[in-house]
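Protein chains in written order, with our numbering: chain A, 431 to 877; chain B, 160 to 619. Glycine included, each C-beta is placed from N, C-alpha and C at the ideal position. If you're wondering where the values come from, they're calculated on a predicted model, not measured in any experiment. Let me begin by presenting the structure, written as structure tokens, before commenting on it.
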């Protein structure tokens, strides 16, 4: 592999964004990390490990922090999860490892696993040490991976460790997918995502950017490689289908988050409305506050009990100052040339649980300068139709191997699981990488 | 209201808590502050011909984030002139007449030297004398300290010389760096000692710096074996105190030393026969203020137990220590795991499989008990399991009902009581108090000791 400019050096962060989005969970220093590591009980068959989709051996890496074996700690993390640094920052650990910690039932305070994991990974980076893995002996096999998000990256790492060429194609100019462009900056800054991919790239992963793979190219890749991995993620945010949606000042959460993270957006107007109540909606609402909005409303058609955001995200948004409007439906976006207000309708639940407009005066107007749509992403699997089996428009796979109905195609990440977390994509990609290698081996044996 | 007043070798003590001869009793000013904090007595840092000390002097063992589980020093006896120490001792006694001040002494092994120092210490007003036959480093190379304590004849000889002169109680401080501590104790008793104190510190090297490869404490690149003390040595001290106190030829009033930091520690030593207790490391770690809880906690415990004075419980545990051959072989206990308290860490499970008798199993959630499933099989099943982030709208089943606040049945281990040997290991590793209890099982057999069985077999 020829030496190329590191991804991290291809991006320079906006100082203003960096200042407005400091770490939500500041890093441990060495003393604090060791004190915390020593609290870990070192459970057998630990529930935290079981709860992690990538099954990082949590007690193992934590004990290594306690003994000062930081290299070994990072190695333990990376062996299970090649994006261990990102996951340490981006994972909703309250519902994963930390949620499963037995200390909830002991002294009520779970181990700060995510911060310890970040400490171990930061130590590796700060030491300047290379990735502690090497590519396997060349097998002469090659795999094309569509999408440069966490699923493909994790798959590519497994392939390279087994001596299989990994060529990643992505429509964007930088790798990482939503890990780079879509995670709230106070959790995972772009540089951190890129730094991690630089490390992984040491395995000799080949990247091809600004390439949109459509049906014809997919056929070419299929012909040119021994297998294809689909890590295409989801598509654009759904349109809501109301009048005024096309007005200037109406955007969607993914564009908005990618825009501010890249430094293209450094401020927002005074009044911002976010439509939706998922985790991405909350990221967008919090970002609007940090970018200077005085009023940020989250508008959701149903009640807090139905919101898909994690409880801790909801709490965080309340602390940031986001205002929630429950059981309120967007009727239209009003304005001349650009958004000026929203026409909204208050709903109430009927006895059968369905939501209907309140009988009297349910419609009201909310002056607003910017609208962010965050009601979920569409799928982009149309180009796969008739080639592999889809279920609910998601790619159907064998969960253990990642193999699709077309044996040469494997898949993982959001296009398979409907849109979960980075760590789920990594787990999918890892299983698929191992699955591809096993399948190629099997093909070879039968050839 | 229970009292901590006690009499030790004829000395009236306001409480049994003495500071041991060590840095906390280096000078009069310190000892007076210690008395103000509540200590009932102090054994002055050993007085003798002044030495030159090195820097550094201390090192320690930390354990899982706790500092100074074990402590080590290579400091010698007092580096202050004898007359300065004795002048200050007189001042302390004048200002604190009800407090006990013991002069710890160490001089070269001649009758004249000992006679002289005994006279000077008593003239200064010392309530008693402690003969330092225990210091394991430095002084022993010069024929003093443990070099005396390790040879019962020397121990007896010097004690005899001191007794020729002394008017106050003579306490012989024993070194643990011997194969049988009863031998020097017997020699001291035979020579007329009024009391004993034990243990002095244990020969140690606390550790090696893995960067420099130099041992600690580091004195210009080198170290020397030091004296080990602190919480880590308490079990060794308890054993040695018991050995001496259970031996009629050795037993004397005992001032117990070794890892004592709390009222519980003090109570345990008194239960094995100690009259007073001496503290050093804990005071060096946290300061003199620790004595307040030692006194307060001990009185509260005595009240709970119905003891009015230390004499009411002194030595009560001595008869409960016996030789192995006298233990009841037909006594059987088994581990019981109280599922409602179990947090599911499975430390008992791995400990029993790897460190004990393979009788704890993870089969509660299985259709039937399975004692063939090994830890490796359990781990392999877990690593093959596919888990995803629970996201309500994507998961039809909704969030896991057990949540973080109930331990899943599959994680609560089960004890195979037929196979359990009652070793205690699981209950020792379990982090939750009273989650694993050891319960007596009736074997239907009368008590029988190894001794009895051996006799029985010999008769047959």
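Pairwise C-alpha distance: residue j and residue i
| i | j | result |
| --- | --- | --- |
| residue 615/B | residue 491/B | 21 Å |
| residue 536/A | residue 591/B | 7 Å |
| residue 609/B | residue 587/B | 26 Å |
| residue 525/A | residue 786/A | 33 Å |
| residue 543/A | residue 502/A | 16 Å |
| residue 656/A | residue 477/A | 38 Å |
| residue 528/B | residue 625/A | 50 Å |
| residue 560/A | residue 627/A | 12 Å |
| residue 453/A | residue 622/A | 12 Å |
| residue 620/A | residue 687/A | 11 Å |
| residue 458/B | residue 200/B | 18 Å |
| residue 320/B | residue 352/B | 11 Å |
| residue 177/B | residue 223/B | 30 Å |
| residue 185/B | residue 237/B | 7 Å |
| residue 441/B | residue 375/B | 20 Å |
| residue 266/B | residue 458/A | 53 Å |
| residue 243/B | residue 294/B | 22 Å |
| residue 568/A | residue 572/B | 46 Å |
| residue 721/A | residue 747/A | 14 Å |
| residue 556/B | residue 546/B | For residue 556/B, the predicted structure reports a pLDDT of 45, less than 50, and the residue's modelled location is therefore unreliable. A value from the coordinates is still provided. The straight-line gap from Cα to Cα measures roughly 14 Å. |
| residue 873/A | residue 573/A | 14 Å |
| residue 192/B | residue 180/B | 15 Å |
| residue 860/A | residue 534/B | 25 Å |
Contacts around residue i, its chain only, beta-carbon distance under 8 Å, and the 5 residues preceding and following it disregarded
| i | result |
| --- | --- |
| residue 515/B | 580, 582, 584 and 585 |
| residue 795/A | 764, 771, 772, 773 and 774 |
| residue 806/A | 667, 668, 706, 708 and 849 |
| residue 327/B | 281, 285, 286, 287 and 288 |
| residue 756/A | 730, 732, 733 and 734 |
Cβ-Cβ distance between residue i and residue j below 8 Å
| i | j | result |
| --- | --- | --- |
| residue 634/A | residue 544/B | no |
| residue 204/B | residue 175/B | no |
| residue 368/B | residue 377/B | yes |
| residue 618/A | residue 771/A | no |
| residue 594/A | residue 814/A | no |
| residue 261/B | residue 330/B | yes |
| residue 700/A | residue 723/A | yes |
| residue 841/A | residue 862/A | yes |
| residue 396/B | residue 413/B | no |
| residue 670/A | residue 803/A | yes |
| residue 817/A | residue 836/A | yes |
| residue 808/A | residue 580/A | no |
| residue 532/A | residue 471/A | yes |
Beta-carbon proximity list for residue i, same chain, < 6 Å, skipping 5 on both sides
| i | result |
| --- | --- |
| residue 231/B | 218, 363, 365, 385 and 387 |
| residue 480/B | 401 |
| residue 456/B | 422 |
| residue 234/B | 212 and 216 |
| residue 609/A | 516, 580, 623 and 852 |
Residues bridged to residue i (per DSSP)
| i | result |
| --- | --- |
| residue 728/A | 704/A and 754/A |
| residue 177/B | 200/B and 437/B |
| residue 597/B | 494/B |
| residue 801/A | 680/A and 703/A |
| residue 332/B | 291/B and 356/B |
| residue 775/A | 759/A and 793/A |
| residue 673/A | 762/A |
| residue 361/B | 387/B |
| residue 768/A | 678/A |
Cβ-based neighbour list, residue i, same chain, cut-off 7 Å, excluding 5 preceding and 5 following
| i | result |
| --- | --- |
| residue 913/A | There is simply no residue 913/A to check, as chain A begins at 431 and stops at 877 in what is shown. |
| residue 559/B | Only weak support is given to the placement of residue 559/B: the predicted model assigns it a pLDDT of 48, under 50, and the value that follows is read from those uncertain coordinates. Hits under 7 Å: 549. |
| residue 432/A | Because residue 432/A carries a pLDDT of 42, less than 50, the predicted location of this residue cannot be relied on, and no value is offered for it. |
| residue 630/A | 512, 561, 583 and 587 |
| residue 399/B | 335, 340, 357 and 358 |
beta-carbon residue i near the ligand ATP non-hydrogen atom, thresh 7 Å
| i | result |
| --- | --- |
| residue 756/A | Of ligands this structure carries none, so the ligand ATP is not represented either. |
Segments of 4+ residues assigned as alpha helix (DSSP H) that fall wholly inside the region 179-242 of chain B:
187-196
Mind pulling the alpha helix (DSSP H) runs of 4 or more residues that sit fully within the region 439-494 of chain B?
440-445 and 450-464
At 3 residues or longer, what runs of the beta strand (DSSP E) sit wholly inside the region 805-860 of chain A?
839-841
At what residue ranges does the region 633-668 of chain A contain a whole run of the beta strand (DSSP E), taking only runs of 3 or more?
636-638 and 657-660
At 3 residues or longer, what runs of the beta strand (DSSP E) sit wholly inside the region 394-421 of chain B?
413-416
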